[in-house]
Structures are given as C-alpha cells and as structure tokens.
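Chemist: Okay, handing you the structure first.
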Amino acid sequence: MQQQSVALATMVPDLTKTDKISILGSTIQYVKQLEEKVKTLEEQNARRTSSESSTVFEGKGHISSTDKQHTSCPRPCLDGSAESVGGDSNSSVEVTIHENTVLLKICCESRSGVLVMIISKLESLGLSIINTSVLPFTNTYFSISITAKIGEGFSTTVELVNNLNMALRDFS
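Numbering (the UniProt record's numbering) for the sequence shown: 1 to 172.
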C-alpha cells in the first residue's frame with residue numbers, strides 16, 4: 001500500500017503533504033480537474049467537427065467525398081488527356097462547403113455561354129453567387145472558381161456536383 005501511495009503521489013501535480021489522506025484528497029481533486037478538461041476539449045472538438053469543411057469531388061467518372069480540402073486543379077484539366085466524365089465533355093467539379101458558404105472549382109471545356117449556364121444552374125439550386133473567377137487554361141479549358149452562399153432549397157453536395165456535371169454535359 002505504501003508503494004502505491006508513493007506512485008500516486010508522483011502522478012499528482014502540486015502535492016504539498018505526503019500523508020495518505022492528503023494524497024488521496026489531492027488525487028480526487030486532480031481527477032475532477034482532468035474530467036472537466038476532457039469535457040471541455042470534447043465540446044470544442046464537437047464544435048470544430050460540425051463546422052469543418054466537407055469536399056465532394058467528381059472527376060474521371062467517379063465521385064468521392066472527404067473532409068480534407070483539395071488545393072489543386074483536378075487532373076482532367078492538368079494534362080489535357082482526361083477520360084470523358086460523361087457524354088463528350090471533359091469536365092470536373094469540386095465543391096467545398098464550410099458552414100453556409102460554398103466554394104466551387106470547375107474545369108470544363110471553354111465554350112461560349114458556359115459561365116452564364118453554370119451561374120443560372122447554381123441559382124436554380126438555391127445558391128446566391130458572391131464571387132466568380134474564370135481563367136483560361138490552355139486554349140480549350142476554363143478554370144472557374146465560384147463562391148456562393150447557401151440559400152433555401154439547397155440540396156446535398158453530391159446532388160450539386162451531379163447536377164453541375166449533367167448541365168455541363170448537356171450544354172452545347
């Protein structure tokens with residue numbers, strides 16, 4: 001019992017008295033402090049988890065969802081030799097959502113009116129456009145970045161990606 005009291009005394013910080021009753025009392029207080037700290041950290045983690053971004057990416061014929069953000073243009077735009085996502089267009093759509101803001105990164109063939117079509121599609125899906133940036137990528141692609149606020153009637157991120165890809169394929 002004496003060895004266990006000594007071992008316990010080494011684990012409890014700021015222990016002033018070394019008798020068994022003081023060690024047990026200080027240990028109980030220390031455990032309560034640790035429980036409060038765990039509770040606080042779990043609450044912070046729950047808040048952070050609920051506000052983390054979720055990203056959905058479709059390219060080269062598949063959809064994947066992750067909590068990590070993509071930082072580069074998807075491969076279909078980078079090498080120009082992408083397989084068709086559907087129909088006869090080479091396009092990719094990446095959607096990142098953080099709270100009520102959506103960041104879209106779209107690589108698609110450069111065609112007249114494609115930006116107007118994308119913006120009207122987004123507005124019909126319940127998004128309010130905040131900012132748009134279009135950069136030509138080679139002679140045949142656009143790299144489009146759009147920031148939007150989520151409004152009423154917004155569905156899921158995967159549906160948004162599917163609807164945009166379908167609209168890009170159908171656009172002629």
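Yeah, the Cβ is synthetic: ideal placement off N, Cα and C, and Gly gets one too.
Just so we're clear, the structure is a prediction, and the values are computed from it rather than from any experiment.
When you compare only the Cα positions, how much space is there between ILE119 and ASN162?
Modeler: Each residue's alpha carbon lies about 15 Å from the other.
Chemist: Taking the alpha-carbon positions, what's the MET1 to THR27 distance?
Modeler: Cα to Cα, the separation comes out at about 15 Å.
Chemist: Can you tell me whether LEU15 is helix, strand or coil according to DSSP?
Modeler: Residue state, collapsed to three classes: coil.
Chemist: In three-state terms, what does DSSP make of ASN139?
Modeler: ASN139: coil per DSSP, three-state reduction.
Chemist: Can you look up ASN162 in the DSSP assignment and give me helix, strand or coil?
Modeler: ASN162 falls in the helix class under three-state DSSP.
Chemist: At the level of alpha carbons, what is the spacing between ASP19 and GLU99?
Modeler: Looking at the two C-alpha atoms, the distance is approximately 54 Å.
Chemist: In this structure, does DSSP put ASN131 in helix, strand or coil?
Modeler: Strand at ASN131.
Chemist: Please check the pair GLU123 and ILE130, which I expect to be a contact at CB under 8 Å, by giving their CB distance rounded to whole angstroms.
Modeler: Incorrect: roughly 12 Å between the Cβ atoms, too far for contact.
Chemist: Identify whether HIS70 lies in helix, strand or coil by the three-state DSSP scheme.
Modeler: Reliability fails at HIS70, whose pLDDT of 37 lies under 50, so the model's placement of it is uncertain and the value that follows must be treated cautiously. Three-state result, HIS70: coil.
Chemist: To the nearest angstrom, report how far apart LEU24 and ALA7 are at their CA atoms.
Modeler: One C-alpha to the other measures close to 12 Å.
Chemist: How would you call VAL95, buried or exposed, if buried means at least 16 neighbouring beta carbons within 10 angstroms?
Modeler: Counting Cβ neighbours within 10 Å, VAL95 comes out buried, since at least 16 surround it.
Chemist: Kindly indicate the opening and closing residues of the alpha helix (DSSP H) around LEU115.
Modeler: From DSSP, the alpha helix (DSSP H) with LEU115 extends over 114-124.
Chemist: Is it the case that the CB of VAL134 approaches a heavy atom of the ligand NAD more closely than 7 Å?
Modeler: As for the ligand NAD, it is missing from this structure, which has no ligand bound.
Chemist: According to DSSP, is SER91 helix, strand or coil?
Modeler: Coil at SER91, not helix or strand.
Chemist: Mind checking ASN165: buried by the 16 CB within 10 Å criterion, or exposed?
Modeler: So ASN165 ends up on the buried side.
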